[in-house]
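So the sequence lines, in the order shown, correspond to chains L and C.
Quick note: the first sequence uses the UniProt record's numbering, first residue 1, plus one each step.
Quick note: the second sequence uses the UniProt record's numbering, first residue 1, plus one each step.
Structure, as structure tokens:
2 protein chains.
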Amino acid sequence: MSSEKPILYSYYRSSCSWRVRTCLNWKGIDYEYCPVNVMEGAQNKEEYSEINPYEFVPTLKINGIVLSQSVAILEYLEEIRPEKPLLPKDPYKRALVRSLVQAIAGDIQPLQNLRPINFIESIGGDKKEWINYCIGVEKQLSKSSGKYCVGDEVTLADVVLLPQVYNATRFNIDMTKFPLIQRIANDLSELDAFKKANPQNQIDCPAEEKK
Amino acid sequence: MSSEKPILYSYYRSSCSWRVRTCLNWKGIDYEYCPVNVMEGAQNKEEYSEINPYEFVPTLKINGIVLSQSVAILEYLEEIRPEKPLLPKDPYKRALVRSLVQAIAGDIQPLQNLRPINFIESIGGDKKEWINYCIGVEKQLSKSSGKYCVGDEVTLADVVLLPQVYNATRFNIDMTKFPLIQRIANDLSELDAFKKANPQNQIDCPAEEKK
């Protein structure tokens, strides 16, 4: 690990940023928080698009390199900091974790990007689809979960789950239909690494949104 | 590896199935092909949803376990069959590969699921977004690519790229604006593992779609 402090380009409410914040906290990696106001289009400005070609948050500068795409960042952090692991050792359990990560990050998360949610919500489309995906995740959890998503240890699946549950609630999805998701999310929200990563605890969270 | 032949539940035109077919071919893993006709809703039938809670293709039965979600399957195959690797050894390069995988599988792929494409295409919405994501991938490739997406070796990024380019063309996205994507896709389509995984070479491809 280089001596320079990592910099996380983040937006407080971005679920993808939240994932990386949680992972950094979990692994005890101290970092500088650089807010990118995606509501004002800061991610599309040249100075940002030069470090992140996708013009999304988050971006992580670490060890002299620049990383984009949250799941790729999580896997990188797991590889360079295997202490306090977020992937099990067993290949099958690792696959279960990654399967949940992809279901949440690849299927559910894209549904809640701002444009589609505004657009499709008017016909009730995206909520229905969101709920379908949650049914899949709940079914998977009924087979794999213990205290957390896969067994009794916190994994990357938990890291991506909590922000999505938070957003589901924000978009008025009735999560009481998904008791396993709900129970695990509640337990996760009590853990320090997750608490510290909560949007409300970020420097760019407006005062009126802090409870 | 158990002596039982792996079974891949697949749909010939599914880009997620195509990814896994390519990886199995690349690693020389012989498998049985079990067609799931997603146009007729076979993925929603109970016998299938019991093995795949998300009711998507692909599903892979291998070594006595059942795996869902294509990227998780690719990572699993990489772990159990590290010969003919599809991830570089260097953590930064691995992150570059996974960043492209997530950009393509997590951002671009969800745009082309059947419901959204039919629905949003009428207002030109999804094509615009698709093109925006392609711009990001092209910019990333300008930094990372050699002969293939990341350097000169075939990686998981290439495995996910080719099916998406095929679908982009199918949905009339003008890919000539993305010369790097196009050039790499052309080179990939000449490789045996990719050729064999092409929809046209699957047993469930209708005769009229075969050239």
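Using N, Cα and C, we set each Cβ at its ideal position, and we do this for glycine too.
Query: Closer than 8 Å to chain L by CB, residue 38 of chain C; Result: no
Query: Any chain C beta carbon closer than 8 Å to residue 65 of chain L; Result: yes
Query: Candidates L:84, L:11 and L:105: closest to residue 40 of chain L by CA position; Result: L:11
Query: In DSSP terms, what residue 34 of chain C is bridged to; Result: C:9
Query: Chain C residues whose Cβ lies nearer than 7 Å to that of residue 41 of chain L; Result: Ordered by position in chain C, no residue passes the 7 Å Cβ test against residue 41 of chain L, which lies about 13 Å from the chain.
Query: Under 7 Å from the C-beta of residue 140 of chain C: neighbouring residues of chain L; Result: 53
Query: Three-state class that DSSP yields for residue 204 of chain C in the structure shown; Result: coil
Query: Residues that residue 151 of chain C bridges to, as DSSP identifies them; Result: C:145
Query: Nonlocal neighbours in the same chain, by C-beta distance under 7 Å from residue 160 of chain C, ignoring five residues either side; Result: 19, 101, 104 and 105
Query: Inter-residue spacing [alpha-carbon to alpha-carbon] between residue 115 of chain C and residue 5 of chain L; Result: For residue 115 of chain C, the pLDDT reaches just 44, beneath the cut-off of 50, and the residue's location in the model is therefore unreliable, leaving the point undetermined.
Query: DSSP state of residue 66 of chain L mapped onto helix, strand, coil; Result: strand
Query: Interface residues of chain L facing residue 105 of chain C [CB-CB closer than 9 Å]; Result: 102 and 106
Query: Exposed unless 16 or more other CB atoms sit within 10 angstroms - verdict on residue 208 of chain C; Result: exposed
Query: Beta-carbon neighbours of residue 12 of chain C, restricted to chain L and to distances below 7 Å; Result: In chain order: nothing, as chain L lies at least about 21 Å away.
Query: Below-8 Å beta-carbon distance, residue 7 of chain L vs any chain C residue; Result: no
Query: CB of residue 58 of chain L within 8 Å of CB of residue 16 of chain L, strictly; Result: yes
Query: Residues that residue 79 of chain C contacts on chain L, provided the C-beta gap is smaller than 9 Å; Result: 91, 94 and 95
Query: Start and end residues, alpha helix (DSSP H) containing residue 194 of chain L; Result: 192-197
Query: Below-8 Å beta-carbon distance, residue 47 of chain L vs any chain C residue; Result: no
Query: One or two residues paired with residue 176 of chain C in a DSSP bridge; Result: Beta-bridge pairing links residue 176 of chain C to no other residue.
Query: Bounding residues of the alpha helix (DSSP H) (the contiguous stretch that carries residue 94 of chain L); Result: 91-102
Query: Other residues of its chain near residue 44 of chain L: CB distance less than 6 Å, five sequence neighbours each side excluded; Result: 55
Query: Classification of residue 94 of chain C by the beta-carbon crowding that lies within 10 angstroms, buried from 16 upward; Result: buried
Query: Partners in chain C for residue 20 of chain L, counting only beta-carbon separations shorter than 8 Å; Result: Per Cβ cutoff of 8 Å: no residues; residue 20 of chain L is ~12 Å from chain C at best.
Query: CB contact below 8 Å: residue 98 of chain L versus chain C; Result: yes
Query: C-alpha gap between residue 206 of chain C and residue 175 of chain C, whole angstroms; Result: 26 Å
Query: DSSP three-state assignment for residue 116 of chain L, whether helix, strand or coil; Result: Note on residue 116 of chain L: pLDDT 47, under 50, position unreliable in the model; the coordinate value appears next. Reduced to three states, the DSSP call for residue 116 of chain L is helix.
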